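**Q** These protein sequences, in sequence, are chains A and B. Quick note: the first sequence uses this note's numbering, first residue 97, plus one each step. Quick note: the second sequence uses this note's numbering, first residue 40, plus one each step. Glycine is no exception: its CB is placed at the ideal position from the N, C-alpha and C atoms. Since the model is a prediction, treat every value here as computed from it, not as a measurement. Okay, here's the structure, questions in a sec.
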Amino acid sequence: MIEDGLDPVIHSAARLRVMVTLATLKDGDSLSFTRLQNLMAFTSGNLITHLRKLEAARYVAMNKSGSGVNGVTDVSLTRTGREALDRYVAALRKLLDSAGISPPP
Amino acid sequence: MDVNDATGMSPVDAAALVQQARNRARHELTINRPVIFVSWALCYLLGYGAVWLSVRGERPYEGPAGWALALLVLLAIAALAVTAQVTDRATRGVEGLSTVQRRIYWLSLAAGWLGVIVMEGALRHQGASQGMIGVFTAASPLLVAGVVLVAVTAAWLNWYLFALGVWLIGVAGFSSFAGPEGVWGIDALAVGLPFLVMGGLVMIRDRR
Numbered sequence: 097m098i099e100d101g102l103d104p105v106i107h108s109a110a111r112l113r114v115m116v117t118l119a120t121l122k123d124g125d126s127l128s129f130t131r132l133q134n135l136m137a138f139t140s141g142n143l144i145t146h147l148r149k150l151e152a153a154r155y156v157a158m159n160k161s162g163s164g165v166n167g168v169t170d171v172s173l174t175r176t177g178r179e180a181l182d183r184y185v186a187a188l189r190k191l192l193d194s195a196g197i198s199p200p201p
Numbered sequence: 040m041d042v043n044d045a046t047g048m049s050p051v052d053a054a055a056l057v058q059q060a061r062n063r064a065r066h067e068l069t070i071n072r073p074v075i076f077v078s079w080a081l082c083y084l085l086g087y088g089a090v091w092l093s094v095r096g097e098r099p100y101e102g103p104a105g106w107a108l109a110l111l112v113l114l115a116i117a118a119l120a121v122t123a124q125v126t127d128r129a130t131r132g133v134e135g136l137s138t139v140q141r142r143i144y145w146l147s148l149a150a151g152w153l154g155v156i157v158m159e160g161a162l163r164h165q166g167a168s169q170g171m172i173g174v175f176t177a178a179s180p181l182l183v184a185g186v187v188l189v190a191v192t193a194a195w196l197n198w199y200l201f202a203l204g205v206w207l208i209g210v211a212g213f214s215s216f217a218g219p220e221g222v223w224g225i226d227a228l229a230v231g232l233p234f235l236v237m238g239g240l241v242m243i244r245d246r247r
């Protein structure tokens, strides 16, 4: 955590978008790397860099099935990741509240 | 704001980004249920309605006209195609529990409807009257859909769909009393209109 209470692993525009997108999935679901890349409009290298940072923090899990051109990587938010995102959003609301700014619904 | 920028994001920017990303993800990854409800509403209103028009006043009851059955089948195929397309658009690349639940739901429906076709054949084989077959053909697919819907909502935890399933079971049972002519008309309205209302309710809920 940093001083303002916002988790630095999540507090990056790219990683925040990835986390919020994965949080939309139901518990027990994962999203293919390709679909996530399409939704984010990131390059493959850019996305994998951010995913590795999130994976190192145990916020996302990456599961590769198959090999070669048939290989598919699925990405999902872990329970730790979901809790971290909830804490991040709560901290964000608190900061906005204390500054007298109404957060988006 | 550069969305790939890893630094210098204010809390206001972050809050806006969370909202933006959430809206976009929901738009892209959520099945557009209102479209599905409306396509099935049209199938029942127009398809069952057409069959009702073709059998209305038949003495003795001889069964639906070919054109009406063909229209019903075409509308059912169209509704299935819309459902498949809308579902595929939202769930492409998604794997896991919800995918398995959805497959079980569709397999259960397919098995139930196949059973209905086989039973209809058995009724004809046993020499059942056209009237009995008419009631069975109209009401039994609804009964299957209702029972499957009620059963799967145990996993989906969706009270809207549970209520719809119970309604379908009730309509299938009670509309049968209307006989081979009335059952088509009652089912057309009693299923088509609630599906339209359901589509509207879900659309309003999703926009909130």
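Rank B:P99, B:G160 and B:A193 by C-alpha distance to the C-alpha of B:R141 and give the top, closest one.
**A** For this step, residue 141 of chain B is matched to residue 102 along the second sequence. When each option's Cα is compared against that of B:R141, the closest is B:A193.
**Q** Listed in chain order, which residues of the region 183–197 of chain A have Cβ atoms closer than 7 Å to some Cβ of chain B?
**A** Those residues of the region 183–197 of chain A that come within reach of chain B (Cβ to Cβ, closer than 7 Å) are V185, L188, L191, L192 and I197.
**Q** Would you please verify whether the beta carbon of B:L196 is less than 8 Å from any beta carbon of chain A?
**A** Walking along the second sequence from the start, residue 196 of chain B turns up at place 157. It does not: the Cβ of B:L196 has no partner Cβ on chain A nearer than 8 Å.
**Q** Quick check: is the beta carbon of A:T174 nearer than 8 Å to any beta carbon in chain B?
**A** To locate residue 174 of chain A, count along the first sequence from 1; it is residue 78. Chain B contact via Cβ: absent.
**Q** Taking only beta carbons into account, state which residues of the region 122–138 of chain A come closer than 9 Å to chain B, listed in chain order.
**A** Here the close residues are K122, D123, G124, D125, S126, L127, S128, F129, T130, R131, L132, N134, L135, M136, A137 and F138.
**Q** Ignoring anything shorter than 4 residues, give me the alpha helix (DSSP H) runs that lie fully in the region 113–198 of chain A, in order along the chain.
**A** Fully enclosed alpha helix (DSSP H) runs of 4 or longer: 129–136, 140–152 and 175–194.
**Q** Within 10 angstroms of the Cβ of A:H107, are there 16 or more other Cβ atoms? Answer buried if so, exposed if not.
**A** Mapped onto the first sequence, residue 107 of chain A falls at position 11. Answer is buried; the Cβ neighbour count reaches 16.
**Q** Using a Cβ-Cβ cutoff of less than 6 Å, which residues in the same chain neighbour A:A110 once the five nearest sequence positions on both sides are dropped?
**A** Position 14 of the first sequence, counted from the start, is the residue given in the question as residue 110 of chain A. Taken in chain order, the residues that qualify are H146.
**Q** Which partner residues does B:E134 have in the DSSP bridge list?
**A** Residue numbering aside, residue 134 of chain B sits at position 95 when the second sequence is read from its first letter. Paired residue(s): A:S126.
**Q** Within this structure, are the beta carbons of B:R61 and A:T120 separated by less than 8 Å?
**A** Taking the first residue of the second sequence as 1, we reach residue 61 of chain B at position 22. Taking the first residue of the first sequence as 1, we reach residue 120 of chain A at position 24. Yes, Cβ-Cβ distance for B:R61 and A:T120 is below 8 Å.
**Q** Thinking C-alpha only, which one of B:I225, B:A150, B:I75 and B:S49 is nearest B:M237?
**A** As a working mapping, residue 237 of chain B is identified with position 198 in the second sequence. Closest option to B:M237, Cα to Cα, is B:I75.
**Q** B:Q165 to B:M242, Cα distance in whole Å?
**A** Position 126 of the second sequence, counted from the first residue, corresponds to residue 165 of chain B. Position 203 of the second sequence, counted from the first residue, corresponds to residue 242 of chain B. Answer to the nearest angstrom: the Cα atoms are 46 Å apart.
**Q** Identify whether B:M48 lies in helix, strand or coil by the three-state DSSP scheme.
**A** The residue labelled residue 48 of chain B in the question sits at position 9 within the second sequence. Coil, per DSSP.
**Q** As a quick exercise: from A:V156, A:A180 and A:P104, pick the residue whose alpha carbon is nearest that of A:D127.
**A** On the first sequence, position 31 is the one that residue 127 of chain A refers to. The residue you asked about is not Asp; residue 127 of chain A is Leu in the sequence shown. Considering only alpha carbons, the answer is A:V156.
**Q** I want to see whether chain B comes within less than 8 Å of A:L112, judged by CB atoms only; does it?
**A** For this step, residue 112 of chain A is matched to residue 16 along the first sequence. For A:L112, the answer is yes, since a Cβ of chain B falls inside 8 Å of its Cβ.
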